[in-house]
Each structure stands twice: as structure tokens, then as C-alpha cells.
Amino acid sequence: AADDATLLWALSLAAELDDVGLDVLTRAVELAREVGDGDRLVPLLERTIEVGRRSGALAEVRWALVDLAENQRRAGLFQRAAELLGEAIASCAARRAEEGAELEGDSEEYQLELRFAELTGGPLGDVAAAIASYEKLLDVAPGDARVWRPLLTLYRRAGRTAEQKECLGRLQEHVTDPKELSLLRMERVRLMIEGGESEAAEQELRAILAESPSDEEAQTLLADLLDGSGRRDELKELLESLHRAARDRGDGAEVARTALRLARLLAAEDRQEARSVLTASLTWTSENREVLRSLLELFGDEDDPTERADVMENLIQVEEPSAAEALSLALADLRRELDDGYGVGKALELGFRVCPTSDELATRLRQWLRDERDYGRLAEMLVMEAEHRPVDVALERLDEAARLYAEELGDPSQAADTLGRAVQRAPEDLGRLTRMVEHLVAVGDAERALAEISAAFDRAPEGARAELARLRATLRASEYSTSPEALELAAQDLELTERLAGNLAGSNVEEVRRQHVNLLERMRTLYADIADEAGERSVVLRLAELLPELDDAYEALETLAGWLREHPMDVEVARRLGSLSEAMEDWGTASFAYARLLDASEGAERREAALRFADAAERAGTAMVARSALESVQRENPGDETLRLRLRQMYEAAGAYAELGEILLGQADTTGDVEEQFRLLKEAGELFLRADVGGAACEIFQRALALRPDAYDVVFQLSEAHLALGEVDQAATVLEQAVEAHGKRRSPELSQLQHGLARVAYARGDDELVMTWLEAALLTDRQNGEVAAQLAVFAQEKGRYDVAIKALQLVTLLKTPCSMSRAEAYLRQAMIAEHQGDAKKALLLARRAAAADPEYPEAQSFLSQLGA
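Take the position in the sequence shown, starting the count at 1, then add 44; the result is the number in this note's numbering.
Structure (C-alpha cells):
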């Protein structure tokens with residue numbers, strides 16, 4: 045469509061060019077018609093005609109003249125249309141003249157002349173021009189009714205009787221259709237009447253009626269002739285004859301027409317007879333408004349009021365609404381005067397059915413029906429009245445009708461139908477819809493009830509949809525309690541209700557959720573009864589999501605846990621149970637969940653499950669229950685540092701250093717990376733050393749040193765292993781060899797080796813050598829806090845306070861904290877000062893100790909001892 049519009053725009057621009065061709069203009073006109081662009085069509089037609097005239101090719105664009113003429117005619121521009129048609133006709137005539145041809149009845153020129161005559165004789169009112177055109181066409185096709193019919197009419201309008209007679213004479217030879225011949229005869233009769241030839245006209249009319257008794261025009265003309273000449277008896281005889289013939293034929297319209305004219309003729313002298321004629325005709329004309337009106341007018345005050353009332357009753361049913369209202373009220377009053385109570389109600393009811401907009405009729409009819417306790421008709425009347433009242437009044441009427449059907453008539457189905465009408469008028473009214481649903485359920489039509497709720501939902505405004513969704517859920521749950529499919533739909537409705545909860549009455553979301561939970565629990569029982577595990581599992585998962593929102597997370601835990609106990613390989617349930625348990629810090633349940641997840645999963649999820657299992661078990665105080673699982677997963681992922689560290693934490697927490705050492709030793713045996721093997725051996729040796737398995741520790745440290753002989757920290761640990769075994773000489777040997785290999789260059793490694801020799805001296809009980817090696821180690825690395833701390837304590841114990849004070853001062857200046865805190869270092873200096881009798885210095889140092897660690901109880905105690 046967009047491409048067509050663009051092309052039309054381009055062609056319209058091209059049409060304005062001086063050298064535009066007729067082919068372009070023709071295509072532009074066609075496209076304008078196709079896209080329905082009337083604004084462009086007329087200028088394009090005008091331009092086409094202009095180019096055709098200018099180029100001497102008017103015959104080629106004659107179609108444009110005709111199209112534009114039709115366009116102008118539709119626009120009411122009749123003169124312009126006639127001019128264009130005239131030009132098109134002239135073009136046709138010129139072409140015909142060139143060919144030496146005569147005008148023919150099926151030619152384009154003939155059809156254009158016909159349209160021109162219709163236009164001039166009609167909207168333009170140019171009778172003379174129209175007659176000229178029709179006469180021209182009559183010469184070509186004298187039997188064409190499209191020509192002679194309007195021509196005779198125009199002759200009559202123009203008073204050209206002679207031409208009319210001549211035309212009728214000519215047509216007699218060419219017209220053969222019986223109906224058309226009948227028209228011509230009637231035309232001649234009119235001419236006779238107009239020419240004063242009444243007797244001849246009468247004879248012709250009687251002949252026509254003998255052949256066609258139902259010819260209304262002939263009847264009328266003959267009756268008018270007889271009436272005009274005062275021949276009343278003949279007129280009556282004619283009308284009675286025509287009336288009988290019409291009744292014999294069963295022609296109701298003709299019976300009515302003849303009865304009315306006969307009654308009017310008789311009424312002047314004998315109203316009773318006139319009334320009898322009309323009354324007798326009612327067998328065929330009981331619904332003819334004009335007959336009934338005329339009959340009613342013939343009743344006088346002295347006539348039988350009951351008969352008059354019966355006629356009024358019939359007339360009400362076919363009368364116009366406004367007239368029916370007044371007539372009904374009058375009939376009701378008449379029936380009351382006749383003490384006809386039933387007739388009163390019938391009069392009001394008939395009038396109301398014809399004119400349901402009448403408030404007076406409705407009010408009186410309602411009261412009469414209530415008085416009669418005719419609740420069925422009252423309910424029907426209220427429903428009808430509602431269709432013609434504003435919404436507020438209509439709803440009141442429909443509510444009353446529904447109540448009557450339900451309470452007085454015991455018909456809940458009709459009550460539901462009536463409330464359905466009310467719901468259509470006020471779709472946001474949930475109360476009426478609810479009552480309608482209750483009635484439908486009462487008659488066992490739950491399907492329709494659901495359909496009504498769904499229809500109301502679709503047309504309801506956003507604010508009313510939450511309650512409708514909830515109502516549908518309630519109905520499905522109550523009426524289809526054994527159908528899993530229906531209950532699933534009910535659950536979906538409640539989910540929808542929650543999504544629309546902002547529009548829920550009172551925003552009672554919690555109540556909806558509780559209803560949802562109850563429904564899901566029923567569904568779980570149903571699925572369990574029919575052994576539908578997939579359905580039951582789906583419900584379990586939904587309950588687990590919903591229950592925490594009702595502050596009932598423990599119930600959610602039990603729901604998931606119960607399912608997992610029976611279905612231990614359900615990965616998703618295990619995962620959700622673990623996550624929920626962690627959030628609730630129920631570590632026992634979390635441990636159970638991740639243990640099941642560990643068994644049911646693989647790959648990365650199994651690894652994650654193992655780690656979470658370990659964490660949960662540790663938090664639950666049962667860390668070692670996850671040991672075997674963590675060990676298994678660690679074996680599956682030997683290079684996983686996170687698993688290794690987590691397992692180490694577990695072993696350390698349990699004091700199972702040897703077990704962890706065995707794992708690391710196994711990893712060291714399998715790795716091809718020398719650096720990784722060294723690291724694993726060193727760490728395994730440390731674990732065996734902590735486990736007091738010195739022999740194994742020695743062997744492992746020796747293997748590590750074989751890989752890195754200059755690893756002096758490992759040498760130190762090897763010496764510690766020998767000492768743990770009581771092999772003091774072997775400890776001394778490895779240390780001495782390492783010191784010799786290292787050389788005299790100061791370094792933290794040398795300090796560590798000297799520290800080891802101090803520990804060897806201590807094992808041998810050589811206090812002086814202990815002091816020597818500790819002082820040497822500290823001199824080598826003054827940041828070796830462990831050496832400083834041990835030297836300080838040892839020297840203090842041995843009374844070597846000068847050495848102790850120097851070591852303690854170094855501790856207070858360390859960049860990296862060691863096993864002795866600064867507060868302890870100050871306190872020990874204070875104790876030495878107090879021992880040496882310097883109370884002032886002792887107090888100063890004790891205060892420094894307290895300032896370094898206000899929570900250090902020994903410092904507070906010493907200050908108290910000093911009386912501070």
C-alpha cells in the first residue's frame with residue numbers, strides 16, 4: 045500500500061508535465077481508483093480530458109468524460125455532469141458519422157443518451173431537453189421501457205397530450221409484455237378521463253378489472269369516476285364486489301383497502317353497517333392499523349363498550365408506541381369501569397410491550413402484577429423494562445426480577461439468566477456475578493458459571509479482575525474437586541489473583557495465599573491417591589515457594605524434606621531444601637539436603653554440594669558426618685585447592701592430621717609438577733608432625749629436601765621431627781650441615797636454623813648453649829619474633845634480665861606480631877623492673893601494657909598489685 049501511494053504521488057507529479065502521455069495519465073487514474081484516493085482522482089480525470097482535447101484524441105479519453113460525469117453526478121454537480129455527458133455523446137456521434145453508421149440500441153452512444161435524458165429530466169428539471177433525448181432514443185428502440193415510461197411521464201407533466209397519444213399508438217405495435225401493456229392501457233384511461241371521455245374510460249376500467257380484479261390503480265380510478273358522478277349505489281356495488289373478490293382470494297391488503305373505502309362510503313348514513321364491514325374484514329385485517337383505527341372511530345358512547353374495548357386491545361398491538369401508550373391507559377380505565385380486573389392487567393401489559401419506555405405504563409403494570417401476585421409475568425416485565433432504562437434503574441429492575449425467580453418462583457436458572465443481563469450492564473459488580481454463579485451451580489451448570497466468570501473477566505476493567513480470578517478459582521476447586529486439570533486451573537487463577545493483588549478488595553493477599561496453600565494441599569493428596577508423582581512433585585515445589593510467604597517456612601521445610609526422604613535422588617527438591625534451610629539457619633536440615641544432593645548430582649554441582657554439606661554439618665556441630673563425602677569428592681577432584689583446604693579445615697577441627705597428611709602424600713605421589721610435589725610433601729610432613737607421627741614426618745621431609753636441598757624451613761621441620769622422636773643427635777646433624785651449607789650470610793633462613801640448634805641444646809639440657817643460639821638467631825634476624833619471645837622468656841626464667849629486657853623491647857618493635865603480644869612484652873618488663881626495685885618504671889611499663897591491650901587481665905591485675 046505504501047508503494048502504491050508513492051507511485052501515485054510520482055504519477056501525479058508527472059501528470060503536470062507538458063509532454064505527459066495518455067498512457068501515464070490512464071495508469072495514474074487506475075491507481076487512484078485502486079487506492080481509493082478521491083482527492084487525486086478528479087484532477088487526474090480533468091487533466092486526462094484536457095490532454096485528450098489538446099491532442100485531438102478526445103475519443104480515446106471518452107471514458108474519462110464518462111467517469112468524471114458520474115463523479116460529478118454523485119457530488120450533486122448535475123449541470124457539470126450533463127455537460128460532460130453531452131461532450132461524450134458528441135464524440136460518439138462524430139465517430140459514428142465518420143463510419144456512416146446509424147445509432148443502435150446497444151451502442152455506447154445510446155447508453156450515454158439514456159443517462160443524459162435521466163439527468164436532464166430528473167435533477168436538472170429540463171423537461172424539454174429530456175423529451176428530445178427520449179424521442180431520439182424511442183426512434184431507435186421503441187419497445188425499450190427505459191425510454192417510453194419516463195417519456196410518457198414527461199409528456200404528462202408537460203401537458204403534451206397529443207404527443208402522449210401518438211406515443212401510445214406507436215408503442216401498441218412494439219410492446220408485448222402483459223404488465224407493460226397494462227401500464228399502457230392505464231395511461232390511455234387517464235387520457236380519456238382527462239379528455240372528458242368518462243364513459244369510455246369506465247368501460248376500459250371495468251374491462252381491466254375483469255381481467256385483473258386486484259389492480260389497485262384501476263379500482264381507484266373507477267371508484268373515483270363513480271363517486272365523482274354521484275353514482276353512490278353503483279359505487280357501493282362495485283366496492284362490495286371488489287371486497288368479496290379480495291376475501292375469496294385471501295388478499296389481506298386488498299380486503300383492507302376495499303373495506304376501508306366501503307366503510308367510509310357507508311359511515312355517513314349507517315355507522316353500524318360500516319362497522320360491520322370492518323369487523324367482518326378482521327379475519328384478514330386483524331393487524332391492519334388503519335382498519336382498526338377506522339373501526340374504533342365508528343364506536344359511539346351508546347355502543348357496546350366491551351366491543352369497543354376489544355377493538356382497542358387489537359389496535360394497541362399494532363399501534364405506534366406513543367399512540368399505544370395513551371390507548372393502553374384509556375383501555376385500562378375502560379376495563380376497570382367494566383369491572384374487568386384481568387382486562388386491566390392485559391391492557392397495561394399489551395401497551396407496555398409496544399411502548400416499554402413508558403414510565404406510567406411500567407409503574408401501573410408493576411403494581412397490578414404485585415397486587416395479583418403474578419410473579420412470573422412481573423419478573424418478565426421487569427426484565428423487559430430494564431432493557432429500556434438507564435443503567436441504575438435497569439439494575440434495580442433486574443435485581444428484583446432475579447429475586448422473584450429465585451425466591452418466589454423457585455427457578456434459579458432464570459434467576460441466573462437475569463443476573464447475567466445485569467452483569468453485562470455492570471461488569472464490575474462482583475456481587476451480582478457471584479449470585480449468578482451460585483444460581484448456576486444450584487442447577488448443576490458449573491460449566492456455564494465458569495464461562496460467565498471468564499467472560500466477565502475478559503470485559504472487566506483492570507481493577508475488578510483480581511476478585512473475578514479468585515471467584516473462578518473458588519468455583520473450580522469446589523465443583524471439580526476430583527479433577528486434577530480443574531484444580532490446576534484453579535491454582536493458576538489464584539496465582540493470577542496474587543499478581544493482580546494491588547486491586548484485590550482490602551488487599552487481602554494473605555487470605556488468598558492461604559486459600560492457595562489449602563488448594564495445593566488438596567491437590568497433593570489427590571495426586572498421591574492417583575499415584576501421579578510428577579503432579580505431586582509440582583505441588584510440593586509450589587508449596588515450598590508459597591508457605592514462607594505466609595511466615596510458615598518450617599512447614600515448607602517439612603514439605604520438602606518429607607518428599608526428599610521418599611525421593612532421595614530429586615536434585616531440584618534437594619537444592620531448594622538446602623537453600624531454604626540455609627536461609628533459616630536450620631543446619632541439620634541443610635546437612636540432610638546437601639547430603640542427598642551430593643548423591644544425586646555430578647560434576648560441578650556435586651562438588652558444590654559437598655562443600656555446602658561440609659559447611660552445614662560443621663554449623664550443626666556434626667562436622668565429621670561430611671568427612672567421607674568430602675574425601676570422596678576430593679579424590680574425584682585431586683587438584684581442587686578449595687576442596688583440599690576445606691578437608692584440611694575439617695581434619696584440623698577434628699584433630700585428624702595424619703589422615704589429611706595421607707591424602708596430601710597421595711597427591712604428591714601422583715603429581716608430575718615438582719614444585720607442587722614439594723609443596724604437598726612439606727604440608728603432609730607438617731601434618732604428620734602435628735599428629736606426633738615423627739617417623740613418617742622425617743621420611744616425608746627428607747623426600748622434600750631431595751627435591752629442594754636449600755629449603756631451610758624444611759630442614760628446621762625435619763629437626764623438629766627428629767626431636768619429637770628423641771633423636772637429638774640426628775636433629776643436630778641436619779641443622780649443623782644446613783648451617784655450614786648456608787654460610788655466614790645473615791638471613792631469616794639462617795636465623796631459623798640457629799633457632800633449631802637452640803632447641804637441640806634445650807633438648808640436651810645445655811642452658812648456656814640455648815642462650816647462645818637464641819641470641820645468635822636474634823642477631824641474625826631481629827624481626828624473628830618467635831626467637832625474640834623465646835629468648836625473653838628463657839632469659840627471664842634464668843635471671844638474665846638484661847638479655848630478657850633487650851628481647852622484650854624487640855618484641856614491642858616488631859613489624860609482624862608473634863606469639864607474644866606487645867602487652868605481654870611490656871608487662872614482663874614491668875615485672876622485671878618491679879623485681880629490680882624500680883617501682884616507678886614498673887608502673888610506667890605496666891600502664892603501657894594496659895594501654896596496648898585494655899582487655900589484658902594480667903596487666904590490670906599487676907597494676908592493682910602496684911596499687912595503681
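Backbone N, C-alpha and C fix where the C-beta goes; we use that ideal spot for every residue, glycine too. Keep in mind the model is a prediction, meaning the values are calculated, not measured.
Fully enclosed alpha helix (DSSP H) runs of no fewer than 4 residues occupy 845-856, 866-879, 883-896 of the stretch 840-899, in order along the chain.
For P349, the CB contacts under 8 Å within the same chain, skipping 5 residues up- and downstream, are L378, E381, L382 in chain order. For K390, the enclosing alpha helix (DSSP H) has its first and last residue at 385-398. Excluding its 5 nearest sequence neighbours in each direction, E131 has C-beta neighbours in its own chain below 6 Å: L109, listed in chain order. Leaving aside the five residues that flank Q721 on each side, the residues in its chain whose CB is nearer than 6 Å to its CB run, in chain order, A712, T715.
In its chain, beyond the 5 residues on either side, A634 have a beta carbon closer than 6 Å to the beta carbon of E626.
One alpha carbon belongs to T518, the other to G395, and they sit about 45 Å apart. Contact annotation: A202 and S177 have beta-carbon atoms that are not nearer than 8 Å. In the structure shown, D345 adopts coil according to DSSP, grouped into three states. The C-beta separation of A267 from L283 comes to about 7 Å, placing the pair in contact by the 8 Å criterion.
Boundaries of the alpha helix (DSSP H) harbouring K280: 276-293, taken from the DSSP string. With three or more CB-CB distances shorter than 8 Å, the stretch 852-871 counts as touching the stretch 821-839. A buried status is given to W412, since no fewer than 16 other beta-carbon atoms sit within 10 Å of its beta-carbon. For M567, the enclosing alpha helix (DSSP H) starts and ends at 553-573. Relative to L823, the option among H611, E812, V847, V759 whose CA is nearest is V847. Cβ-Cβ distances below 8 Å link L484 to P456, S457, A460, A490, R492, A493, E496 in the same chain, with the five nearest sequence neighbours on each side left out; the list follows chain order. Under the DSSP assignment, L515 falls in the alpha helix (DSSP H) whose first and last residues are 509-523. Secondary structure of G705 (DSSP, three-state): helix. Contact between the stretch 179-197 and the stretch 152-161 is present: 3 or more CB-CB pairs across the two stretches fall below 8 Å.
Contact fails between the stretch 535-542 and the stretch 569-577, because fewer than three Cβ pairs, one in each stretch, are under 8 Å apart.
Counting along the chain, G647 sits inside the alpha helix (DSSP H) bounded by residues 647-663. A straight line joining the alpha-carbon of V335 with that of A303 spans about 8 Å. In the same chain as A661, and ignoring 5 residues on each side of it, the C-beta atoms closer than 6 Å to its own belong to S635, A667, V669, A670, in chain order.
Here V321 carries a helix assignment [DSSP, helix/strand/coil]. In this structure, the CA atom of E523 is about 10 Å from the CA atom of L531.
Counted as a single uninterrupted DSSP element, the stretch harbouring K788 is not any alpha helix (DSSP H), since DSSP gives it neither H nor E.
Taking 4 residues as the shortest admissible run, the stretch 786-838 contains the following complete alpha helix (DSSP H) segments, listed from N- to C-terminal end: 792-808, 811-824. When secondary structure is reduced to three states using DSSP, A353 falls in the helix class. In the DSSP annotation of this structure, the continuous segment of the alpha helix (DSSP H) that includes M480 starts and ends at 474-486. Nearest in C-alpha terms to E652, of all of E580, S99, L270, E680, is E680. For N115, the enclosing alpha helix (DSSP H) starts and ends at 106-118.
In the DSSP annotation of this structure, L594 is not part of any alpha helix (DSSP H), being labelled neither H nor E. Under the three-state reduction of DSSP, L769 is assigned to coil, being neither helix nor strand. Judged by pairs of C-beta atoms under 8 Å, the stretch 833-847 touches the stretch 858-875, as three or more such pairs exist. Contact annotation: V677 and A654 have beta-carbon atoms nearer than 8 Å. Between the stretch 761-778 and the stretch 740-749 there are three or more C-beta pairs closer than 8 Å, enough to call the two in contact.
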